[in-house]
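Number of protein chains: 2
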Amino acid sequence: MSDQRILVTYLTQAKDLHKKAAAIAVGMTVGSWTDLPAAKQAELAPYLGEAVSATPLETLENGETRGLITVSYPTRNFTHDIPSLLTGIFGKLSMDGKIKLVDITFPESFLQAFPGPKFGIDGLRGRLDAQNRPLLMSIFKSCLGLPFEDLKTQFRAQALGGVDLVKDDEIFFADDRAPFLERIRAFKEIAQETEAQTGKPVLYAANLTGPINELNEKAKRAVEAGADCLLFNVLAFGFDALHRLAADPDVNIPIMAHPALAGAYYPSPDYGIATPLLLGTLMRIAGADLVLFPSPYGNVALDKTEALQLATNLTTPLEGVRRSFPVPSAGIHPGLVPQLYADFGLDQIVNAGGGIHGHPGGATAGAKAFVDAIAAVTAGHTLGEAANQSPELAAALEKWGGAR
Amino acid sequence: MSDQRILVTYLTQAKDLHKKAAAIAVGMTVGSWTDLPAAKQAELAPYLGEAVSATPLETLENGETRGLITVSYPTRNFTHDIPSLLTGIFGKLSMDGKIKLVDITFPESFLQAFPGPKFGIDGLRGRLDAQNRPLLMSIFKSCLGLPFEDLKTQFRAQALGGVDLVKDDEIFFADDRAPFLERIRAFKEIAQETEAQTGKPVLYAANLTGPINELNEKAKRAVEAGADCLLFNVLAFGFDALHRLAADPDVNIPIMAHPALAGAYYPSPDYGIATPLLLGTLMRIAGADLVLFPSPYGNVALDKTEALQLATNLTTPLEGVRRSFPVPSAGIHPGLVPQLYADFGLDQIVNAGGGIHGHPGGATAGAKAFVDAIAAVTAGHTLGEAANQSPELAAALEKWGGAR
Numbered sequence: 290m291s292d293q294r295i296l297v298t299y300l301t302q303a304k305d306l307h308k309k310a311a312a313i314a315v316g317m318t319v320g321s322w323t324d325l326p327a328a329k330q331a332e333l334a335p336y337l338g339e340a341v342s343a344t345p346l347e348t349l350e351n352g353e354t355r356g357l358i359t360v361s362y363p364t365r366n367f368t369h370d371i372p373s374l375l376t377g378i379f380g381k382l383s384m385d386g387k388i389k390l391v392d393i394t395f396p397e398s399f400l401q402a403f404p405g406p407k408f409g410i411d412g413l414r415g416r417l418d419a420q421n422r423p424l425l426m427s428i429f430k431s432c433l434g435l436p437f438e439d440l441k442t443q444f445r446a447q448a449l450g451g452v453d454l455v456k457d458d459e460i461f462f463a464d465d466r467a468p469f470l471e472r473i474r475a476f477k478e479i480a481q482e483t484e485a486q487t488g489k490p491v492l493y494a495a496n497l498t499g500p501i502n503e504l505n506e507k508a509k510r511a512v513e514a515g516a517d518c519l520l521f522n523v524l525a526f527g528f529d530a531l532h533r534l535a536a537d538p539d540v541n542i543p544i545m546a547h548p549a550l551a552g553a554y555y556p557s558p559d560y561g562i563a564t565p566l567l568l569g570t571l572m573r574i575a576g577a578d579l580v581l582f583p584s585p586y587g588n589v590a591l592d593k594t595e596a597l598q599l600a601t602n603l604t605t606p607l608e609g610v611r612r613s614f615p616v617p618s619a620g621i622h623p624g625l626v627p628q629l630y631a632d633f634g635l636d637q638i639v640n641a642g643g644g645i646h647g648h649p650g651g652a653t654a655g656a657k658a659f660v661d662a663i664a665a666v667t668a669g670h671t672l673g674e675a676a677n678q679s680p681e682l683a684a685a686l687e688k689w690g691g692a693r
Numbered sequence: 290m291s292d293q294r295i296l297v298t299y300l301t302q303a304k305d306l307h308k309k310a311a312a313i314a315v316g317m318t319v320g321s322w323t324d325l326p327a328a329k330q331a332e333l334a335p336y337l338g339e340a341v342s343a344t345p346l347e348t349l350e351n352g353e354t355r356g357l358i359t360v361s362y363p364t365r366n367f368t369h370d371i372p373s374l375l376t377g378i379f380g381k382l383s384m385d386g387k388i389k390l391v392d393i394t395f396p397e398s399f400l401q402a403f404p405g406p407k408f409g410i411d412g413l414r415g416r417l418d419a420q421n422r423p424l425l426m427s428i429f430k431s432c433l434g435l436p437f438e439d440l441k442t443q444f445r446a447q448a449l450g451g452v453d454l455v456k457d458d459e460i461f462f463a464d465d466r467a468p469f470l471e472r473i474r475a476f477k478e479i480a481q482e483t484e485a486q487t488g489k490p491v492l493y494a495a496n497l498t499g500p501i502n503e504l505n506e507k508a509k510r511a512v513e514a515g516a517d518c519l520l521f522n523v524l525a526f527g528f529d530a531l532h533r534l535a536a537d538p539d540v541n542i543p544i545m546a547h548p549a550l551a552g553a554y555y556p557s558p559d560y561g562i563a564t565p566l567l568l569g570t571l572m573r574i575a576g577a578d579l580v581l582f583p584s585p586y587g588n589v590a591l592d593k594t595e596a597l598q599l600a601t602n603l604t605t606p607l608e609g610v611r612r613s614f615p616v617p618s619a620g621i622h623p624g625l626v627p628q629l630y631a632d633f634g635l636d637q638i639v640n641a642g643g644g645i646h647g648h649p650g651g652a653t654a655g656a657k658a659f660v661d662a663i664a665a666v667t668a669g670h671t672l673g674e675a676a677n678q679s680p681e682l683a684a685a686l687e688k689w690g691g692a693r
């Protein structure tokens, strides 16, 4: 095996950042170094981490320096899965004072062992025959406790408005009133009816839940029942569960990663895992075709630089790994479409819940307002121009405001 | 189904804490409430969360109050697993500003659906025939990259010193030089040899790794190979993987939970999941027989109140759920045993790496020093008294210090 290495960048603080990087390089690999006899050093050298760089950012009041450090790890230290990777580069280190895991760069040989998205941006565009525009997704207003008929009504209303995808609420686990496989079959029928009316296909993302050692079987039963897409709470189940679903040739439908619980990791400046890595790079290599993440708009928004870097990590060329669709979510209404387009470009999914269901004309009109906003912005028109032709868009702009 | 409820406590800040609790109670369950028609309210009421209490702790400079809020959720909102639970009480909420998940109280009916530890404190004491003392565990100095023979030598040295358990290094995934099942068989043989010499059994905890949908099968193969115990990186693989191992009747050996990655969740005062819940309650109900966590001693220690609460959560009576062994780890040397005993009592495992391998007389003498320290403290003697009879303990106290 050639000596290929994984580069890991941490944000931390220390009296001497380079010394800290060197200590991590030893402590997270062979455990000790300078006290080893020469023969043992020769034997363990192929497993030894290495301090690569230290970049000071600021001097703190206590005299320590806060900054970025990069450590390289031999790929041979890991099995080809995210539990091995995260345990090996951040397991006990995460408990060792102020340190945040911010970035990982992989050699191609290591990446090839991961499934990556089965469909990715291009595959999903192909399935929907929707090339040169952002896609549009709608979320059920709520799912928990609702009678099946209410969900069918909600699904139909959203589909008739022309959305590309409809997703379950991510908290929808206890679904005895509208069971998983029955939902998939029922919404498939409705989607065929609405497509006959509108000419537009709509994909339904059903929330995959259950015992972790039965998920692949359950996903296959979903495929057999005609499922279009799976919603999956990746952080609640663990990255390896996504990996094994994406690697399963029989689970041949796109997987949509929900960011539930991500806020337990990313918001602190001192601890955790940065969003561009957590919801970007790791979700992509583990196989998410679409990744939801907090939008940089609204009250409790994700930092914009982080959100843009996250989207870049999902879409930038990466040897042999397909691109994942960024889905900036929360606080999205039709008036925000020009801003979304300016920030995230063509390859994104516009995702709305309240911005569709809260439309004065109902969910179908709410979806239509988004469809018209996306068409306008993609064609280089203003929302004001489009609203002249679209009473639904005009009503949305009246309610929520936004660049005309 | 009776209306049993799960009580969830968060640490957060708001202008009005009770209003925030009420908003969470709706937002994390049925989504909206006041705008629903009366018939819909009647239908969804059984799924509605409720604000239970708000306890102010301090007034912040921005005029907001920081404090604890408790929200109750109907058990019917969840399937009986931790992904459903965490997604339902903290999924999107974790991304909604400053909020930390600090405690959960379960009704008995919900607890019964979780496996809990198969052996727990009493079961493990029975297997080791070690009743009225803390147990002693030793960690390999390092595992990664070492030839099998080196690991055998390390195992034998630790076992001869009289430890109750020896565990793998948690980063030991890439084990081609000493494969999992071969290690289990080889160390079993050595354990039988050392038991013949010392009269004391020693259990080996092998690091369970691999694809998540194959873990139960791999664990069964380990049991067939004679495994005594499994080490498991619960947070890297997800709580549900532990749950399914613990619930599997064929995996009839204790499971030791490693806290790797826990520091990505708990250290921030504003975000994440508090350790007593993360490494205490959740590990226990999911089925960990032993739980490692950062000790409250040393440089980068866990806050002592948190560490003690964590141990309490592992050992306090809980309807139908066995007690898990607390294993406060890092920075442990024989001189700390009186402190450990005063803090964590009889039902703990004293766990040392450097404090055993770094002994001037080597690992066997290092383990012997701990054995003698534990025997002394349990019998009500001082370490100074015991050191008169134990040159190994005397040497350890000389090197590391500690209460004589």
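So the sequence lines, in the order shown, correspond to chains A and B. End of the first sequence = 693 in our numbering, gap-free, step of one. End of the second sequence = 693 in our numbering, gap-free, step of one. The beta carbon of each residue, even a glycine, is placed where N, CA and C say it ideally should be.
Check: Own chain residues within Cβ distance below 7 Å of H307/B, not counting five before or after; Outcome: A340, A343
Check: Amino acids of chain A, ordered along the chain, whose beta-carbon sits closer than 9 Å to that of R355/B; Outcome: In chain order: nothing, as chain A lies at least about 16 Å away.
Check: Opposing strand residues paired with V610/B [DSSP bridges]; Outcome: L607/B
Check: Beta strand (DSSP E) segments (min. 3 residues) lying fully within the segment 441 to 528 of chain A; Outcome: 454 to 456, 492 to 496, 518 to 522
Check: Cβ contact check for the segment 430 to 440 of chain B and the segment 313 to 327 of chain A: 3 or more pairs under 8 Å; Outcome: yes
Check: Contacts around V455/B, its chain only, beta-carbon distance under 8 Å, and the 5 residues preceding and following it disregarded; Outcome: M426, S427, I428, F429, F444, Q447, A448, F476, V491, L492, Y493, A494
Check: Residue-level contact to chain B via CB, T298/A, 8 Å cutoff; Outcome: no
Check: Min CB distance I645/B to chain A below 8 Å; Outcome: no
Check: Opposing strand residues paired with P617/A [DSSP bridges]; Outcome: F582/A
Check: With 16 other Cβ atoms within 10 Å as the buried cut-off, status of T601/A; Outcome: exposed
Check: Contact check, V315/B vs L337/B, beta carbons under 8 Å; Outcome: yes
Check: Neighbourhood of D370/B by C-beta, 7 Å cutoff - its chain only, sequence neighbours within 5 removed; Outcome: D529, H532
Check: Residue nearest to G620/B in terms of C-alpha spacing, selected from T394/B, P585/B, R611/B; Outcome: P585/B
Check: Within 8 Å, strictly: CB atoms of P406/B and S618/B; Outcome: no
Check: Nearest-angstrom Cα separation, counted from R611/A out to L519/A; Outcome: 18 Å
Check: T301/B versus P345/B - alpha carbon distance; Outcome: 10 Å
Check: Beta strand (DSSP E) segment containing E347/B, residue limits; Outcome: 339 to 348
Check: Selection of the segment 359 to 385 of chain B by Cβ proximity to chain A, strictly under 8 Å; Outcome: R365, N366, F367, T368, D370, I371, P372, S373, L375, T376, G377, F379, G380, K381, L382, S383, M384, D385
Check: Residue-level contact to chain B via CB, V616/A, 8 Å cutoff; Outcome: no
Check: Interface residues of the segment 557 to 574 of chain B facing chain A [CB-CB below 8 Å]; Outcome: S557, D559, Y560, G561, I562
Check: Nearest residue (CA-CA) to D453/B, options E459/B, T564/B, K489/B; Outcome: K489/B
Check: Neighbour flag for G405/B against chain A, beta carbons, 8 Å; Outcome: no
Check: Cα-Cα separation, A303/A to A656/B; Outcome: 34 Å
Check: Residue-chain proximity (M545/A, chain B), Cβ-Cβ < 8 Å; Outcome: no
Check: Buried versus exposed, by CB contacts within 10 Å (16 or more), L349/A; Outcome: exposed
Check: Partners in chain A for V455/B, counting only beta-carbon separations shorter than 7 Å; Outcome: None at all; the shortest Cβ gap to chain A is about 16 Å.
Check: 6 Å Cβ shell around P548/B - same chain, five flanking residues per side excluded; Outcome: L568, L581, F582
Check: At least 3 beta-carbon pairs within less than 8 Å: the segment 560 to 574 of chain A vs the segment 390 to 409 of chain A; Outcome: yes
Check: Extent of the continuous beta strand (DSSP E) to which I388/B belongs; Outcome: 388 to 394
Check: Classification of S373/B by the beta-carbon crowding that lies within 10 angstroms, buried from 16 upward; Outcome: buried
Check: Simplified DSSP state of L591/B, which is helix, strand or coil; Outcome: coil
Check: N-terminal and C-terminal residue of the alpha helix (DSSP H) that S373/A is part of; Outcome: 371 to 379
Check: Residue environment, A331/B, which counts as buried when at least 16 other CB atoms sit within 10 Å; Outcome: exposed
Check: Per-residue burial, L635/B [other beta carbons within 10 Å of its own, 16 or more giving buried]; Outcome: exposed
Check: Span separating the alpha-carbon of E277/A from that of P623/A; Outcome: Because chain A in this structure spans residues 290 to 693, residue 277/A falls outside the shown range and cannot be described.
Check: is_contact[Y554/B, chain A] using C-beta, thresh 8 Å; Outcome: yes
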